[in-house]
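For reference, the structure is listed below as C-alpha cells.
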Amino acid sequence: MSSGLTGRQRVVLALVCAVAVSTIYGIQPVLEAAGEDLGLGEGALGWLVAAGQIGYLAGLVLLVPLGDLFDRRTLITVHLLLTAVGAGVAAAAPSGGIAIAGLALAGLFAVAVQITVAYVAAVSPIGERGRNIGAVTSGVVIGILGVRVVAGTLGELTDWRMVYLLIAGLCAMLALAARFTLEADIRRPRARYGQLLSSLGRLVVGDRLFLSRGLVAFFLFASFGTLWSGLALPLGDAPWHFGTTEIGLFGLAGLTGALGAARAGRWADRGLALSVTDWSLALLTASWLLIAQARSSLWLLIVGVIVLDFAVQAVHVSSQHLLTTARPDQSSSVIGAYMAFYSLGSALGAITTTWAYSATGWSAASLLGAAYAALGLLVATSTRRFTAASSCLHARRNNRVGLNLFRRCRCSPRWRRWPRSRCGPLGAAGRTP
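Residue numbers (this note's numbering): 3 to 435.
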C-alpha cells in the first residue's frame with residue numbers, strides 16, 4: 003500500500019513544523035538580551051514570551067478549523083508567509099510594543115503546524131497514518147528543542163534579532179517548497195466556518211475520546227513545560243554556572259529521545275496506541291527521578307531528558323493518531339482543539355516551575371513535573387476502557403477502521419455487549435459490509 007507521501011514530502015512537512023513552531027520558542031534563550039535592547043524592564047520580559055503563546059492559542063481556535071474548509075496546501079503556504087512577516091516585524095522592531103505585536107502575529111500563523119498534521123492524516127492511508135504523523139510531528143520537537151541551541155549560539159555570536167531574521171527567511175523558503183512539493187488537498191466541506199467553531203465546544207462536552215486525549219495532553223505538556231521552562235535555572239546556578247550556549251546544548255539530548263519515539267506511529271498503526279500511551283506516561287513519571295539529580299550528575303540528567311522526550315513524543319503521536327482516525331472529516335478542527343490543551347498545559351508548567359524553584363529549589367520543581375506526569379497516567383488508565391470503545395465506534399461510523407484496531411475492539415467486554423448490527427464482522431477489505 004502506498005504511504006500517500008513521498009520521502010521528500012515528509013521532509014518538507016517536518017521542516018515546516020520545525021521552523022513554524024520555533025517562532026514561539028526562539029525568544030526564550032535570548033530573552034534577556036532582547037529585553038535590554040528593546041528597553042523593556044524585567045517585569046515586562048514575560049510579555050515577549052507570552053505574545054507568541056497567546057497568538058498561537060488564538061490561531062488554534064480561529065485558524066486551524068479552516069483546514070476543514072479549504073485546500074490545506076494553500077493554507078500551509080499562506081500561513082508560512084504570514085509567519086515570516088511576523089518574525090520579520092519582531093526582528094526589525096524599534097520598540098518593545100512592536101516586537102510583542104510581531105511575535106503575536108508570528109505565533110498566530112504558526113498554527114501551520116496543526117494544518118500540516120491534518121494534511122498528513124488526510125492524505126495517508128489508514129495503515130500508514132501513524133507512521134507519517136510520527137515522522138512529521140518529530141519536526142515539532144526538533145523546532146522546540148533545536149531552536150534553543152541555534153538561538154543561544156546566535157545570541158552570543160551576533161545579535162538576538164538574527165534569530166528572527168533567520169526564522170523569517172526559512173519560513174518564506176518553506177512556503178515555496180510546500181507550494182511546489184505537496185499535492186493539493188481539495189475536499190467538499192460538510193459544514194460552515196461558524197458550525198466548525200461551535201462544534202469545538204461540543205467536542206469538549208460530548209466526546210469522551212476527545213476529552214480523555216485532551217486531558218492527557220494537558221498534563222503531558224505541563225510535565226514537558228516544567229522541564230524545558232525551568233532547566234536553565236539549576237544549570238545556570240551553582241555548581242555548574244552554564245551560559246546560554248551550554249544550556250541550549252541540552253536540547254540535543256531531548257532531540258535524541260524525541261526522534262527515537264518516531265516508532266510510536268508504527269505502533270499506533272498496529273492498534274497499540276492506548277498501550278503506548280500507558281507505558282509511556284509511566285516512563286515519563288519515572289524519568290523525573292533522574293532529572294531531579296541535575297545538581298549532582300549531568301549524566302543522570304541527560305538520560306532523564308532523553309527518556310522524558312521519548313515518552314512525550316510517543317504519547318503525542320498516539321493521541322493524534324486516535325483522534326484523526328476517529329474523525330477524519332474534521333481532522334483540522336480536532337487537532338486544533340486538542341492542541342489548545344497542549345498550549346494550556348505548557349503554560350501551566352512554565353508558570354508553576356519558576357514558582358516551585360524559587361520556593362524550595364529544583365527538587366520541588368522535579369516533584370511537580372512527576373506529579374503532572376502521574377496525573378496524565380491516572381487519566382489515561384481510568385478512561386482506557388471507554389476510550390477504546392469510543393475510538394472503535396467513531397472509526398466504524400466513518401467506515402475507516404483498520405483490521406488490527408477492529409480485532410482489538412472485539413476483544414474488549416464492551417465490544418461484545420454491543421448489538422451485532424453495530425459491530426458485525428468486517429468485510430474482506432477491512433470495512434463494514
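For glycine and all other residues, C-beta sits at the position ideal for the given N, C-alpha and C.
Computed from a predicted model, the values in this text were never measured in an experiment.
- Would you grab the beta carbon distance between ALA367 and LEU283 for me? Rounded to a whole angstrom, and I think it's under 8 angstroms. Your numbering for residue 367 matches position 365 in the sequence shown. Your numbering for residue 283 matches position 281 in the sequence shown. ALA367 to LEU283, Cβ: 19 angstroms. No contact.
- How is PRO31 classed by DSSP in three states: helix, strand or coil? Taking the sequence shown and counting its residues from 1, the one referred to as residue 31 is at position 29. Note: PRO31 maps to helix in three-state DSSP.
- Task: Helix, strand or coil for ARG422, going by three-state DSSP, please let me know.
- Result: As a first step, residue 422 must be located in the sequence shown, where it is residue number 420. Confidence is the limiting factor: at ARG422 the pLDDT is only 38, short of 50, which leaves the residue's position unreliable, though a coordinate-based value still follows. Note: ARG422 maps to helix in three-state DSSP.
- Item | SER200, buried or exposed, once every other Cβ within 10 Å from all chains shown has been counted against 16 | The residue labelled residue 200 in the question sits at position 198 within the sequence shown. So SER200 counts as exposed.
- Task: Assign PRO96 to one of three DSSP states: helix, strand, or coil.
- Result: The residue you call residue 96 lines up with position 94 of the sequence shown. If DSSP states are grouped into helix, strand and coil, PRO96 belongs with coil.
- Message: Judging by CA-CA distance, which residue of GLY9, LEU251, LEU235 is the nearest neighbour of ILE474?
- Response: Look at the range of the chain in this structure, 3 to 435, and you will see that residue 474 is not part of it.
- Query: When you compare only the Cα positions, how much space is there between GLU34 and TRP162?
  - Reply: Here residue 34 corresponds to residue number 32 of the sequence shown, with the count starting at 1. Here residue 162 corresponds to residue number 160 of the sequence shown, with the count starting at 1. Distance between the alpha carbons of GLU34 and TRP162 is about 10 angstroms.
- Message: Let's see if you can read the secondary structure: which residues bound the alpha helix (DSSP H) around PHE312?
- Response: Here residue 312 refers to the residue found at position 310 when the sequence shown is read from its first residue. Note, PHE312: alpha helix (DSSP H), 300 to 328.
- Task: Counting only the same chain and skipping the five closest in sequence on each side, list residues whose C-beta sits under 6 angstroms from that of VAL113.
- Result: Indexing the sequence shown from 1 puts residue 113 at position 111. Excluding residues within five positions, the ones whose Cβ falls inside 6 angstroms are GLY61, LEU62, LEU65, VAL66.
- Message: Under DSSP, the alpha helix (DSSP H) around PHE182 begins and ends at which residues?
- Response: By one-based count along the sequence shown, residue 182 stands at place 180. Element bounds for PHE182: 162 to 183.
- Query: How do the region 166 to 180 and the region 15 to 29 stand: do at least 3 beta-carbon pairs fall below 8 angstroms, yes or no?
  - Reply: yes
- Return the residue from the list ARG74, ALA123, ALA266 that minimises the CA-CA distance to ALA177. Along the sequence shown, one-based indexing puts residue 177 at 175. Here the closest residue by C-alpha is ARG74.
- Does the Cβ of TRP269 have 16 or more other Cβ atoms within 10 Å, making it buried, or fewer, making it exposed? Looking up residue 269 in the sequence shown gives position 267. Its Cβ being crowded by 16 or more others within 10 Å, TRP269 is buried.
- Message: Need the endpoints of the alpha helix (DSSP H) that GLU158 sits in, please.
- Response: If you number the sequence shown from 1, residue 158 lands on position 156. It spans 131 to 159 - the alpha helix (DSSP H) in which GLU158 sits, taken as one unbroken run.
- Query: Among residues of its own chain, excluding the 5 on either side of VAL91, which ones have a beta-carbon nearer than 6 angstroms to its beta-carbon?
  - Reply: Taking the sequence shown and counting its residues from 1, one reaches residue 91 at position 89. Only GLY104 meet the Cβ criterion.
- Task: Could you name each continuous alpha helix (DSSP H) segment of 4 residues or more that falls completely within the region 5 to 76, going from the start of the chain to the end?
- Result: 9 to 27, 33 to 40, 47 to 64
- Local conformation of LEU251 per DSSP, three classes: In the sequence shown, the residue the question calls residue 251 occupies position 249. Coil.
- Query: Between HIS81, ALA358, LEU47, VAL13, which lies nearest to PRO236 when the distance is taken from Cα to Cα?
  - Reply: As a working mapping, residue 236 is identified with position 234 in the sequence shown. Per the Cα distances, ALA358.
- Going by Cα to Cα distance, which pick from GLY306, VAL23, THR228 is closest to ALA106? By one-based count along the sequence shown, residue 106 stands at place 104. The option with the nearest alpha carbon to ALA106 is VAL23.
- Message: Using a 10 Å radius around the Cβ and a threshold of 16 neighbouring Cβ atoms, would you call LEU159 buried or exposed?
- Response: As a first step, residue 159 must be located in the sequence shown, where it is residue number 157. Its Cβ having fewer than 16 others within 10 Å, LEU159 is exposed.
- Message: For the pair the region 199 to 215 and the region 118 to 130, tell me if three or more CB-CB distances fall below 8 angstroms.
- Response: no
- Which of the three DSSP states, helix, strand or coil, is assigned to ILE188? Counting from 1 along the sequence shown, the entry for residue 188 is found at position 186. Three-state DSSP puts ILE188 in coil, outside helix and strand.
- Return yes when the Cβ of SER348 is within less than 8 angstroms of the Cβ of ILE117, no when it is not. For the purposes of this step, residue 117 is taken as residue 115 along the sequence shown, with counting starting at 1. For the purposes of this step, residue 348 is taken as residue 346 along the sequence shown, with counting starting at 1. Going by C-beta atoms, ILE117 is not nearer than 8 angstroms to SER348.
- Message: Can you tell me whether THR85 is buried or exposed? The criterion is at least 16 other CB atoms within 10 Å of its CB, across all chains shown.
- Response: Your numbering for residue 85 matches position 83 in the sequence shown. So THR85 ends up on the buried side.
- Should THR327 go down as buried or exposed, given a rule of 16 or more other Cβ atoms within 10 Å for buried? The residue you call residue 327 lines up with position 325 of the sequence shown. So THR327 counts as buried.
- When DSSP labels each residue in this structure, what does HIS81 get in the three-state scheme? Position 79 of the sequence shown, counted from the start, is the residue given in the question as residue 81. In this structure, HIS81 counts as helix in the three-state DSSP scheme.
- Query: In or out: PHE182 buried (at least 16 other Cβ within 10 Å) or exposed?
  - Reply: One-based indexing of the sequence shown puts residue 182 at position 180. Exposed, because fewer than 16 other Cβ atoms sit within 10 Å of the Cβ of PHE182.
- Query: Excluding five sequence neighbours on each side, which residues of the same chain lie with their C-beta closer than 8 angstroms to the C-beta of LEU300?
  - Reply: On the sequence shown, residue 300 is found 298 positions in, with the first residue counted as 1. Same-chain partners within the cutoff: TRP242.
- Starting from the Cα of GLY136, find the closest Cα among ALA294, LEU324, THR385 and give me that residue. In the sequence shown, the residue the question calls residue 136 occupies position 134. Among ALA294, LEU324, THR385, the Cα nearest to that of GLY136 is on LEU324.
- Task: With DSSP collapsed to three states, give me the class of GLY273.
- Result: In the sequence shown, residue 273 corresponds to position 271, counting from 1. DSSP places GLY273 in coil when its eight states are reduced to three.
- Message: Using 8 angstroms as the threshold, is the C-beta distance between LEU198 and ASP70 below it?
- Response: Residue 198 sits at position 196 when you count from the first residue of the sequence shown. Residue 70 sits at position 68 when you count from the first residue of the sequence shown. Result yes, Cβ atoms of LEU198 and ASP70 sit closer than 8 angstroms.
- Message: Here's a check: name, in chain order, each residue in its chain whose Cβ is nearer than 7 angstroms to the Cβ of MET164, leaving out the five neighbours to either side.
- Response: As a working note, residue 164 is residue 162 in the sequence shown. LEU156, listed in sequence order.
- Message: Please report the distance separating the alpha-carbon of ARG387 from that of VAL138.
- Response: Taking the sequence shown and counting its residues from 1, one reaches residue 387 at position 385. Taking the sequence shown and counting its residues from 1, one reaches residue 138 at position 136. Distance between the alpha carbons of ARG387 and VAL138 is about 29 angstroms.
- Message: If contacts are defined as beta-carbon pairs under 8 angstroms, then GLN322 and ILE337 qualify, I think. What distance do you get, rounded to the angstrom?
- Response: Stepping through the sequence shown from its first residue, residue 322 is reached at position 320. Stepping through the sequence shown from its first residue, residue 337 is reached at position 335. GLN322 to ILE337, Cβ: 7 angstroms. Contact.
- Item | Residue range of the unbroken alpha helix (DSSP H) whose run includes GLY232 | Locating residue 232 in the sequence shown gives position 230, counting from the first residue. Its alpha helix (DSSP H) spans residues 210 to 232.
- Please classify GLU130: is it buried, with 16 or more other beta-carbons within 10 angstroms of its beta-carbon, or exposed? Indexing the sequence shown from 1 puts residue 130 at position 128. Buried, because 16 or more other Cβ atoms sit within 10 Å of the Cβ of GLU130.
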